[in-house]
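Numbering (the working numbering), first residue to last: 9 to 167.
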């Protein structure tokens, strides 16, 4: 007489093992997918929070930094708009931020030297703006015209 119990147990065991392996690998792949999705969501959330924080803290500071005083010339007004658009992310001119990324540009033309060691002259300031000589500063030679750089320097001279 054949031993059907043994065959039944063996085939059941192999099915159980197959099921268990499929379940474990499916579970693992699903967990991997969920973890990957969560990592992406965390990254997007973190980036969103950083961008939101940058803008939410900078906008009130911009409003505070517009002091009432002598009216700016037309060139300096244009330069101020350029500064607020391109430079304000890293620099300030009113010393209202605790620690800006780049050096404060308040009283730039009253200093002896630029960060790069050159004397503070219009030409040297324009060269720094055009070439972005320090690792964190972009070169604006291709994104700002000579006229825009002149306007920006006119604004920095009155700050």
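Beta carbons are placed, not taken as given, at the ideal position from N, Cα and C, and that holds for glycine.
Thinking C-alpha only, which one of the options is nearest residue i?
i, options, result
"residue 160", "84, 48, 49 and 132", "84"
"residue 181", "143, 82 and 118", "No statement about residue 181 is possible, as the shown extent of the chain runs from 9 to 167 and does not include it."
"residue 95", "166, 81, 80 and 111", "111"
Leaving aside the five residues before and after residue i along the sequence, list all residues of the same chain whose C-beta is less than 8 Å from its C-beta, in chain order.
i, result
"residue 157", "134, 137, 138 and 148"
"residue 90", "152, 156, 159, 160 and 163"
What's the C-alpha gap between residue i and residue j?
i, j, result
"residue 163", "residue 54", "35 Å"
"residue 123", "residue 132", "11 Å"
"residue 48", "residue 86", "41 Å"
"residue 150", "residue 45", "39 Å"
"residue 166", "residue 155", "17 Å"
"residue 88", "residue 153", "15 Å"
Am I right that residue i and residue j are in contact with their C-beta atoms under 8 Å? What's the rounded C-beta distance?
i, j, result
"residue 92", "residue 102", "Between residue 102 and residue 92 the Cβ distance is about 12 Å, and since that is not below 8 Å, they are no contact."
"residue 127", "residue 118", "Not quite, the Cβ-Cβ distance comes to about 12 Å (not below 8 Å), so this is no contact."
Sorted by chain position, which residues of the same chain lie with C-beta nearer than 7 Å to residue i's C-beta, five sequence neighbours on each side aside?
i, result
"residue 141", "124"
"residue 145", "110"
Kindly indicate which three-state DSSP category residue i falls into: helix, strand or coil?
i, result
"residue 167", "coil"
"residue 126", "coil"
Could you tell me whether any non-hydrogen atom of the ligand FMN is closer than 8 Å to the CB of residue i?
i, result
"residue 151", "The ligand content of the structure shown is nil, which means the ligand FMN is not present either."
Tell me which residues share the same chain as residue i and place their Cβ nearer than 6 Å to its Cβ, disregarding the 5 neighbours each side in the sequence.
i, result
"residue 130", "161"
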